[in-house]
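Working notes, beginning with the structure itself.
Set out below in structure tokens:
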């Protein structure tokens, strides 16, 4: 008996109003995640306390790490009279009890709908002396009825540069690198690659060392990792910005360009060869640093593995659900591996997504095969799979229900991953990440082949 | 066998008054004054006639363990019902976060409806907020009906829905008339009330008015029919309880709401007794069912082997049938040896260890039974969303002040149902029972069961939990996912008592054994001794040097 037994193969109802099994969640959780990528930052959710509880729970279940965040704890009164008093009280309490360097406030659908003015309230907090000297309050607007968690991430990154970035007129020789919505492990890998090139990279947000911290016997509310406030301030003096993943980062990169004359290059999240090459090349061109042999070595290993295992990947059909920047990177990787990204759904709205996917698959065997729905949901994805099956699923933990019902191998990728480990510790970006993705795909496909093989066909060597 | 366990409890080596001062020291004065009333120190053994401040607003900026009204309504009460299509009316987040994240197991084997793996949302966009979302909601209900043909659809309001004034109840009425199935809405916006508790109340009221009593064909039949209220089947708890009841010959008519179905609710008025597990989330349903249908209720607890035995005896005693009473004794006698033998092996390794429990509902009380069975002492405990009666007992209910936050939760005015009211026990019988020491509608609360010098803390927050652990260094801390990893970073294992860390069941006899094993593993795991690297654990002095001089 199937768990999703009520999902029909045929699409008999043209759904216009009902989302079923969403492939996105709301803005504030993305804003909270981005804020955790600043060292010494306490995220603050301006709304009723359930939002904060839900967002913390989602991030904690995904990372298996502590996630501290405060809330304005609205009740009915604050919803009627406005949340200013709650936020002012909260700012004062937070600085005295939790002593952060910075409070990163994001709004919720509640505070947005009643129209709380963040600029005015934060200004009032400052003028009333509720923000201790040397400490900061940054903010952004994240109504949940716009965009998705990816948009919320983007808005908080904009909040960082809007509230903190300064330009002194003297360049500091650094390159800003803004990673899109990705794992702490990915942010660490993006940093490592820059270091390998000898580039002074200013990576923010940077959740590495915050959301994959060690167990030491002491609870650190502000673990050692994260982008330093001084560095985010200095982003206005950088020689350039590399923005990795346009949905999550373009807005902040463009802001630094227009406000602080820091030129930017906006490219994809470096998943797979092409976009990792683009990142490395951009770092090299921006700084004049030559690409070291060690990078050629890493890259060559990926090409080697692709050639070694091509026959097991060639033509395999994959269904994917997730965030636009991630899906664009994964689609490029699949095409590099001669695989077919058969179905893609993303809940994050934006017409550019489908156009980008169409460009990537142009002239490949996938061109007339791939179906894309954006905004789409997992119910839709499942219906397509029922009509014509796939060999592999890539997406967050919620896909496991489809995987079980349809007996399809499933690689967990994206947000949230609730039931497996590794994503916060091992990257899927860069050349190392590409190797790991290929390993995971081969593992899933060949384990399946071993399972299905008859005794006669069961092979020792692949 | 069901006598209270008299184990020598470990007395905390710390003066609780000093500990309390530590917890409060860092707060601004106003916050400190409020928190001071929510931290209660036991002065004597047994009950005490003092007030604890509970069910009041969380202080803005304080990192609380609490959630919201929507979470209580959709997540806790309606979530476990498998055959209702639950549509969240609002932006996508609320529906997403309440999608399969509360481990309500359900037995949907066979070709029955099961919507639990689905998340339904109207995914409101900014134009819906500006122009109103009622049209979209109606359309969503129609689409859900066309695809799934459910017997009932429930609508849950999120924060912005209340603000823009969408009338979910009017939409429900209109669509109910149009589609001919039961459709009802909940005004459970997150900002109502001060915690999940308000959401439980809103959910239960609506289930009571819209569903209970609408069917006179119970799904099951039996000589001794009871309902189980406030049991959510986390990790299969309800299945174990059901196994035991069935073995005793007691029929579970309906559970509110673990492994529940629409028709179970609809015919709940057919039972002869309501057994209440979670005092907080649902006693008003028990009260209302008594008034409307004449079904008495008793408090039970199936967490802990002795508590289970005691609860079974209480139920059997209520029916008063000698055969049933004898059968219950047989079952207890059959089940206990496995429990005793597990304890004999494990208890030497857990005796004398200490625990702290801060969880919602009644769990911070119930689970102390299991720790007591393991010879462990609870040093501090408290609830996430309790009211005073959960701490002090039901006798304080008339003295609880109704504030603005409670006033906006509807109190139903219930009267005996002209057709269906049927007292299960005559007034005389009930009185005689009570005189013989029987306790209907009684709950004495958490405080009387805790040891002298222990602490009872309402709405604990992250800062205080960190301080408590630093001061007391308990062997295990019980709370939820939000607390888990912060506590474990301090080298103290945390047992999640909302999701059970994906273990369980912990209810009943088999559940007790599962719990003993899990706690033994957690408090005795080697990992906690590996926290310090040898070069840190051995002290700062290097005693040898291999570098050639």
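Chains as they are written, first to last, in this note's numbering: chain R, 1 to 462; chain B, 463 to 1011.
Quick reminder that beta carbons are idealized off the backbone N, C-alpha and C, glycines included.
Original post:
Alpha carbon to alpha carbon, what distance is there between residue 390/R and residue 561/B?
Top reply: 25 Å
Subject >> C-alpha distance - residue 413/R paired with residue 708/B, whole-angstrom precision >> reply: Approximately 44 Å, taken between the alpha carbons.
**OP:** Could you please give the first and the last residue of the uninterrupted beta strand (DSSP E) stretch that includes residue 692/B?
**Re:** 686 to 693
Subject >> Span of the beta strand (DSSP E) around residue 344/R >> reply: Residues 340 to 345.
**OP:** Name the residue from 100/R, 78/R, 108/R whose alpha carbon lies nearest to the alpha carbon of residue 554/B.
**Re:** 108/R
**OP:** Any chance you could list the beta strand (DSSP E) runs of at least 3 consecutive residues sitting entirely within the segment 147 to 217 of chain R, in chain order?
**Re:** 175 to 179, 201 to 203
Original post:
Does the beta carbon of residue 875/B come closer than 8 Å to any beta carbon on chain R?
Top reply: At a cut-off of 8 Å between C-beta atoms, residue 875/B does not count as an interface residue with respect to chain R.
**OP:** Could you work out which residue in 284/R, 388/R, 45/R is closest to residue 197/R when comparing CA atoms only?
**Re:** 284/R
Subject >> Given 8 Å, three or more beta-carbon pairs between the segment 649 to 658 of chain B and the segment 68 to 81 of chain R >> reply: In this structure the segment 649 to 658 of chain B lies against the segment 68 to 81 of chain R, because at least three pairs of beta carbons, one per stretch, are closer than 8 Å.
**OP:** Assign residue 368/R to buried or exposed, taking buried as 16 or more other Cβ atoms, counted over all protein chains shown, within 10 Å of its Cβ.
**Re:** exposed
Original post:
Relative to the C-alpha of residue 493/B, which residue among 57/R, 96/R, 280/R, 138/R is closest?
Top reply: 96/R
Original post:
With a cut-off of 8 Å, does the C-beta of residue 519/B fall near any C-beta of chain R?
Top reply: yes
Subject >> CB contact check: residue 219/R to chain B, cutoff 8 Å >> reply: yes
Original post:
Can you name the residues of chain R whose CB is closer than 9 Å to the CB of residue 526/B?
Top reply: What residue 526/B touches in chain R: 49, 52, 53, 70, 71, 73.
Original post:
Mind checking if residue 465/R is an interface residue toward chain B, Cβ cutoff 8 Å exclusive?
Top reply: Since the displayed chain R opens at 1 and closes at 462, residue 465/R lies outside it and no answer follows.
**OP:** Could you check the C-alpha separation between residue 249/R and residue 273/R for me, to the nearest Å?
**Re:** A straight-line Cα-Cα distance of about 20 Å links residue 249/R and residue 273/R.
Original post:
Is the Cβ-Cβ distance between residue 837/B and residue 813/B less than 8 Å?
Top reply: yes
Original post:
Can you name the residues of chain R whose CB is closer than 8 Å to the CB of residue 580/B?
Top reply: 4, 6, 20, 21, 379
Subject >> Ranges of the alpha helix (DSSP H) found wholly within the segment 877 to 932 of chain B, counting only runs of at least 4 >> reply: 889 to 897
**OP:** Check distances from the C-beta atoms of the segment 473 to 492 of chain B to those of chain R and list, in chain order, the residues that come in under 7 Å.
**Re:** 488, 489, 490
Original post:
In whole angstroms, what is the alpha-carbon distance linking residue 775/B and residue 995/B?
Top reply: 52 Å
Subject >> Classification of residue 118/R by the beta-carbon crowding that lies within 10 angstroms, buried from 16 upward >> reply: buried
Subject >> Local conformation of residue 820/B per DSSP, three classes >> reply: strand
Original post:
Does the beta carbon of residue 673/B sit closer than 8 Å to a beta carbon anywhere in chain R?
Top reply: Closer than 8 Å: no.
Subject >> Whether residue 164/R touches residue 316/R by CB criterion (8 Å) >> reply: no
Original post:
Which residue comes first and which comes last in the beta strand (DSSP E) that contains residue 373/R?
Top reply: 371 to 373
**OP:** Quick one: grab the DSSP three-state call for residue 710/B.
**Re:** helix
Original post:
Using a C-beta to C-beta distance shorter than 7 Å, which residues of chain B count as neighbours of residue 86/R?
Top reply: 522
Subject >> Touch test, the segment 590 to 597 of chain B against the segment 557 to 571 of chain B, Cβ-Cβ under 8 Å, three pairs minimum >> reply: no
Original post:
Do residue 209/R and residue 224/R have their C-beta atoms closer together than 8 Å?
Top reply: Yes, the pair counts as a contact, with Cβ atoms nearer than the cut-off.
Subject >> Reduced DSSP secondary structure (H/G/I, E/B, other) of residue 715/B >> reply: strand
Original post:
For the alpha helix (DSSP H) that residue 671/B lies in, which residues bound it at each end?
Top reply: Residues 658 to 672.
Subject >> Span of the alpha helix (DSSP H), counted from its first residue to its last, around residue 113/R >> reply: 109 to 114
Original post:
If you draw a straight line from the alpha carbon of residue 346/R to that of residue 598/B, how long is it in whole angstroms?
Top reply: 21 Å
**OP:** Ignore the nearest five residues each way along the sequence and tell me which others in residue 453/R's own chain have a CB closer than 8 Å to its CB.
**Re:** Listed in chain order, the non-local C-beta contacts of residue 453/R below 8 Å within the same chain comprise 459, local neighbours out to five positions each way being set aside.
Original post:
Does residue 26/R get closer than 8 Å to chain B when you measure Cβ to Cβ?
Top reply: yes
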